[in-house]
Each structure stands twice: as C-alpha cells, then as structure tokens.
Amino acid sequence: MKNERNVMVKLRLKRCGRKQRAIYQIVAIDVRSRREGRDLRKVGFYDPIQNQTYLNVPAIRYFLEKGAQPTRTVHDILRKAEFVKEKAS
C-alpha cells in the first residue's frame, strides 16, 4: 500500500513531439516514475527549437511550496523566466 503523503515530487521534462522535433512538457511527477510515466499535473511546456516557454505559475508555485524539487534543466528554465531568484552567496 502506497503512502501518498511521503511521495517525493520533482518538476521535470517529459518528451513529446516527433523525431528530430522534440518539445517538452514540464510536469510534476513522482521521482520513481520513468520519463514518460504518469504525471501528477502538467505545469507548462518548453520548445527548445523555437525557444518558447509557457509556465502555469500558480501550479508551479504550489508544487514548490509543497517541497517539489525541480531538475537542473527545469530550474534553468524557471530562472530564465525570472521565476526563481538566485541566492546571493
């Protein structure tokens, strides 16, 4: 039996599109799921070829407040969109 409260969630990319023309959905997903696995919620998309990004800001903020960790690539996308501020060190 799964304990839903202890699920570690990540914000990561899920590949879509066709060969040589990938676009990525930004999804909140259980860390134990594979890349194409079942996501908890879609929170945006990223098109690296046309350099377009769409972010569902309230949904992303909700998952980050609940402790979700973005992958390095998603973190970079959020930083470029000025969603995540860099910590002064």
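In terms of numbering that gives the first Met the number 0, the sequence shown opens at residue 0 and continues consecutively. Think of the CB as a built atom: it goes at the ideal place given N, C-alpha and C, for glycine as much as any other residue.
Annotation: the continuous beta strand (DSSP E) that includes Lys13 extends over 8-17. In this structure, the straight-line span from the alpha carbon of Phe62 to that of Lys18 is close to 31 Å. Look at the stretch 35-79 and you find these whole runs of beta strand (DSSP E), each 3 residues long or longer: 40-46, 51-54. A direct Cα-Cα distance of roughly 10 Å separates Arg78 from Arg71.
With contacts defined as CB atoms closer than 8 Å, Val30 and Lys13 fail to qualify as a contacting pair.
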